[in-house]
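Peer 1:
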Amino acid sequence: MTTIFEKVVPVSLEEEMKSSYIDYAMSVIVARALPDVRDGLKPVHRRVLFGMHELGVAYNKPYKKSARIVGEVLGKYHPHGDSAVYDTMVRMVQDFSLRYPLVDGQGNFGSIDGDSPAAMRYTEARLSRIADEMLRDLDKNTVNFAPNFDDTLQEPTVMPSYLPNLLVNGASGIAVGMATNIPPHNLAEVIDGLVALIENPKLKPEDLMKFVKAPDFPTGGIIYGYDGVKEAFLTGRGRIILRAKANIEVMKNERENIVITEIPYQVNKAALIEKIAELVREDKIVGISNIRDESDRDGLRVVIEMKRDGQPAVTLNQLFKHTQMQVTFGVIMLALVNGVPKVLTLKECMEHFITHRFEVLKRRTKFDLDAAERRAHILEGYIIALDNIDAVIETIKKSRDVETAKNNLMKKFKLSEIQAKAILDMRLQRLTGLERKKIEDEYKETIKLIERLKGILSSEKKQRQILIEELQIVKEKFGDERRTEIVRDYKEFSLEDIIAEEDVVVTISHQGFIKRFPVSGYRRQARGGKGVIGAGSKEEDFIEHMFVASTHHYIMFFTDKGKCYWLKVHELPEGGRATKGRSILNLIEKDKEEKITAFVTVKEFTDDKFIVMATEKGTVKKTVLSAYSNIRRGGINAINLAAGDRLIEAKLSEGKNDIIIGTRNGMAIRFNEKDVRDMGRTATGVRGVKLGKNDVVIGMIVVRNATTLMVVTEKGFGKRSEIEDYRLTRRGGKGVITVKTSDKNGKLIAMKEVNDNDELVIITTGGMVIRQSVSELRVMGRNTQGVRLIRLNEGDDIADIARVIPEEGNGEE
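Numbering (my numbering) for the sequence shown: 510 to 1322.
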């Protein structure tokens, strides 16, 4: 008697594991996770479509319960869990998952917020109109069929697919040791590319990309950068940066909101909003006061309300950086080619689809030809019978039974068995003259059809023309506009991408608070006006400096200790006229003892421009601008100061400008900057002006295109004098009188070069601001007191002035 152990065959566990795992892996790769390159479908998708086709739920038929469809697919073709089939069908319904949905659903099939679909017993579905293009001619032997899981039915191994589904709807799946992630594309673009490739099979991949420009996602968004797209199209792998579409809208109350209208593909809107809220709570994103989801059936709309002092451009940058408002789509164009997984380029995907369509066309034409030849054969028999109708009837009458009649007809009239049977089945009404005419006409048309079909099979040119015509019909029926915008020239994201280049007023208070606001915030006033509130200043603080700069420029900060720092102007906090601003200590790492005394704005750091500096004790220095391009967060040395000296002013020059230095006691000297040689950043400089007793330098200008020099005293008086009134001398002299100082007008506080079309903004230590046209101030001699520019309140003094050029941008102050 044998025992069970005698029947056990010992095998190596290692070999068995290898063999079993390979079988499992191949099953997952071929029969589950990867799409076929020809129709872009995985087996479960193909079975759902075929099951619905067999069930008769076409796009022009009534909806059927999803549970009925799932049962049909499960019972006949897909022996797996019902949730696998239903989840597949749900995704084929969702217009935010598929660029061109293949199933038309009725009921709750989920949402872009990640809501679960209703149970299959509640929802209904049918094939979409475009799915008909996947299934057309399925009954004409256009594709191979294979037995189903229990060998009782046949199912297609691939769909005829007039639709280039792999490219237009994409695919994603994780197999064993490999994965696919093919993005969707625009149908019209893909068909244009296919037509071009059919017409010219040698078309270069780069030329093909003129037709298929980039992926086109169902949720829209913006593709940033074309390098990833190009790499994906040419190699089958690439990384595409996809960003939400967001705009900054200005409300009636002058607040600004960020409005999101499109989000990246496969991003959950509800999760995105929750993530934004979480980052706001953690103070990782600042400036947001509220988030509202205003999405409805008309489209997606998420409104992010900003605080009154919020900076929407900065916040938007933070959102792109920290949330899924910007994602990377990793492209892996992996599909099954003859049952073997292969990474494909865009051209290869199209070539395989075209090859498939040629095969379907030939098989369909052969099927139609066979049917036409069979019909012609029968019609020939009819015509023979009608030509010999009396003899045929006599032969049938004399025959003992049907079989005998059939054999007699075949023998006597040289008919085939098929023809004889058709004659016996023919109704007597076909014997009328009218019916005879119809049969003869049908025979002629059938012969023409046979000739045409044979012509198609024998001519590749005709086949190409038919394929092109069929593709053009699909494009006309279903082609639409591109949804995803393409921004080809992408660089690492900077705020300049979303910030309009415009001039702004920058103010810095005595206690070191800085802000920016639009130049348009001040209305022009007549000379002697009272002005408007320019900043929320407490008694112990006041606006000390003010200048105009472009939002896209760098702002260089020079301190009294001779150090230099820089920021982008748009990085400065934005505020209204009456807001305080933000401490500079929070923006740059300067010592508390350092006081910012000068500012220069530049677009870029070049070798053909210079920074000219002046100190309180009359020293001047010139350094090439490019020496300041690599500034550390903690700043760099701009000048080596003598003991007890302070840096007062720094200006931008072209290397050949005239320089005018003004002193507190009303003196000024003019010399050419060529008198000052170019020095390194750590040099001390040379003497620029010889100062009198108790006198100090209060300012310096670099003469460019201006014709007059504007000087303002601390009591609100000012005047313009011709620059030519200041004779050109060598550096180091005492200079000439530029304003007659007295107790009435006070000491000289500021100086600017101006033209008639400029405007002047004056700000006081009490926070009052006035803006007036320079042309209102007449040109006066140097040795005068000037006229009143602003009526000051008791205890108030002039803090600073700024020159505004209304019609053109200015590179420095």
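Glycine is no exception: its CB is placed at the ideal position from the N, C-alpha and C atoms.
Here the structure is a predicted model, which means the values were calculated and not measured.
Is it a yes or a no for the segment 1147-1166 touching the segment 1100-1110, going by three-plus beta-carbon pairs under 8 Å?
Peer 2: A contact exists between the segment 1147-1166 and the segment 1100-1110.
Peer 1: Could you tell me how far apart the beta carbons of residue 766 and residue 815 are, in whole angstroms, since I believe they sit closer than 8 Å?
Peer 2: 6 Å between Cβ atoms; contact.
Peer 1: Could you check which residue in 775, 977, 1028 has the C-alpha nearest to that of residue 1395?
Peer 2: The requested residue 1395 is not part of the displayed model; the chain covers only 510 to 1322.
Peer 1: Taking the alpha carbon of residue 1245 as the reference point, which residue from 1280, 1253, 1212, 1201 has its own alpha carbon closest?
Peer 2: The candidate whose alpha carbon is nearest that of residue 1245 is 1201.
Peer 1: In whole angstroms, what separates the C-alpha of residue 860 from that of residue 676?
Peer 2: Computed Cα separation, rounded: 12 Å.
Peer 1: Taking 6 Å as the limit between beta carbons, can you name the residues of its chain near residue 1145, skipping five residues before and five after?
Peer 2: Once the five neighbours on either side are set aside, the close Cβ partners of residue 1145 are 1073.
Peer 1: What's the C-alpha gap between residue 737 and residue 838?
Peer 2: Roughly 9 Å separates the two Cα atoms.
Peer 1: With distances taken Cα to Cα, identify the nearest neighbour of residue 1278 among 1114, 1055, 1151, 1166.
Peer 2: The shortest Cα separation from residue 1278 among 1114, 1055, 1151, 1166 belongs to 1055.
Peer 1: From residue 1032 to residue 1093, what distance separates their C-alpha atoms?
Peer 2: The predicted model places residue 1032 with a pLDDT of 47, which falls under 50 and marks its position as unreliable, so this point remains unresolved.
Peer 1: I'd like the ranges of any beta strand (DSSP E) spanning at least 3 consecutive residues and lying wholly in the segment 1097-1136.
Peer 2: As far as the segment 1097-1136 is concerned, its whole beta strand (DSSP E) runs of at least 3 residues are 1105-1111, 1119-1124, 1128-1133.
Peer 1: Could you tell me whether the segment 1198-1215 touches the segment 1248-1255, where touching means 3 or more Cβ pairs closer than 8 Å?
Peer 2: Not touching, per the Cβ criterion.
Peer 1: Name the residue from 1066, 701, 1291 whose alpha carbon lies nearest to the alpha carbon of residue 984.
Peer 2: Residue 701 is the option with its Cα nearest to residue 984.
Peer 1: When DSSP labels each residue in this structure, what does residue 780 get in the three-state scheme?
Peer 2: Of the three classes helix, strand and coil, the one that applies to residue 780 here is helix, per DSSP.
Peer 1: Quick check: what's the CA-CA separation for residue 1007 versus residue 794?
Peer 2: Interpretation of residue 1007 is limited by its pLDDT of 49, a score under 50 that renders its predicted location unreliable; the figure taken from the coordinates is listed afterwards. Between residue 1007 and residue 794, the C-alpha separation is close to 17 Å.
Peer 1: Provide the residue(s) that pair with residue 1263 in DSSP beta bridges, ordered along the chain.
Peer 2: Answer by DSSP bridge pairing, in chain order: 1217.
Peer 1: Spatial neighbours of residue 1062 within its chain, please: CB distance less than 8 Å, with the 5 preceding and 5 following residues excluded, ordered by chain position.
Peer 2: Result list for residue 1062: 1077, 1078, 1110, 1111, 1112, 1320, in chain order.
Peer 1: Could you give the distance in angstroms between the alpha-carbon of residue 612 and the alpha-carbon of residue 975?
Peer 2: Roughly 28 Å separates the two Cα atoms.
Peer 1: Determine the DSSP secondary structure at residue 1151, reduced to helix, strand or coil.
Peer 2: Here residue 1151 sits in coil by DSSP.
Peer 1: Which residues mark the beginning and the end of the beta strand (DSSP E) in which residue 1012 is found?
Peer 2: Residues 1012-1018.
Peer 1: Is the segment 546-553 touching the segment 517-529 in the sense that three or more CB pairs, one from each, lie closer than 8 Å?
Peer 2: Segments in contact, no.
Peer 1: Rounding to the nearest angstrom, what Cα-Cα distance links residue 1177 and residue 1143 in this structure?
Peer 2: Each residue's alpha carbon lies about 35 Å from the other.
Peer 1: With H, G and I counted as helix, E and B as strand and the rest as coil, what does DSSP make of residue 1181?
Peer 2: Residue state, collapsed to three classes: strand.
Peer 1: When the Cα of residue 603 is compared with those of 586, 877, 593, 678, which residue comes out closest?
Peer 2: It is 678 whose Cα lies nearest to the Cα of residue 603.
Peer 1: If I measure Cβ to Cβ from residue 748 and keep anything under 6 Å in the same chain, skipping five residues before and after, which residues do I get?
Peer 2: Same-chain partners within the cutoff: 737, 837, 839.
Peer 1: Considering only their Cβ atoms, is the gap separating residue 730 from residue 717 smaller than 8 Å?
Peer 2: Not a contact, by the Cβ cut-off of 8 Å.
Peer 1: Thinking C-alpha only, which one of 605, 1241, 629 is nearest residue 615?
Peer 2: Checking every option, the nearest Cα to that of residue 615 belongs to 629.
Peer 1: Locate the alpha helix (DSSP H) running through residue 761, then write down its first and last residues.
Peer 2: Residue 761 -> no alpha helix (DSSP H), and no H or E assigned at all.
Peer 1: What are the boundary residues of the alpha helix (DSSP H) that includes residue 671?
Peer 2: Residue 671 -> no alpha helix (DSSP H), and no H or E assigned at all.
Peer 1: To the nearest angstrom, how far is the alpha carbon of residue 1104 from that of residue 1227?
Peer 2: One C-alpha to the other measures close to 26 Å.
Peer 1: Cα separation between residue 951 and residue 970?
Peer 2: Approximately 28 Å, taken between the alpha carbons.
Peer 1: Could you pull the start and end residues of the alpha helix (DSSP H) that residue 716 belongs to?
Peer 2: Residues 714-717.
Peer 1: Alpha carbon to alpha carbon, how far is residue 627 from residue 780?
Peer 2: Approximately 20 Å, taken between the alpha carbons.
Peer 1: Can you check whether the CB of residue 650 is closer than 8 Å to the CB of residue 872?
Peer 2: For residue 872 and residue 650, yes; Cβs fall inside 8 Å.
Peer 1: Nearest-angstrom Cα distance between residue 1311 and residue 1269?
Peer 2: One C-alpha to the other measures close to 6 Å.
Peer 1: Quick one: which unbroken beta strand (DSSP E) runs of 3-plus residues sit fully inside the segment 605-679? Chain order, please.
Peer 2: Here the runs fully enclosed are 612-615, 633-636, 654-656, 663-665.
Peer 1: Name the residue from 988, 1137, 835 whose alpha carbon lies nearest to the alpha carbon of residue 673.
Peer 2: Looking at the Cα atoms, 988 is the closest of the given residues.
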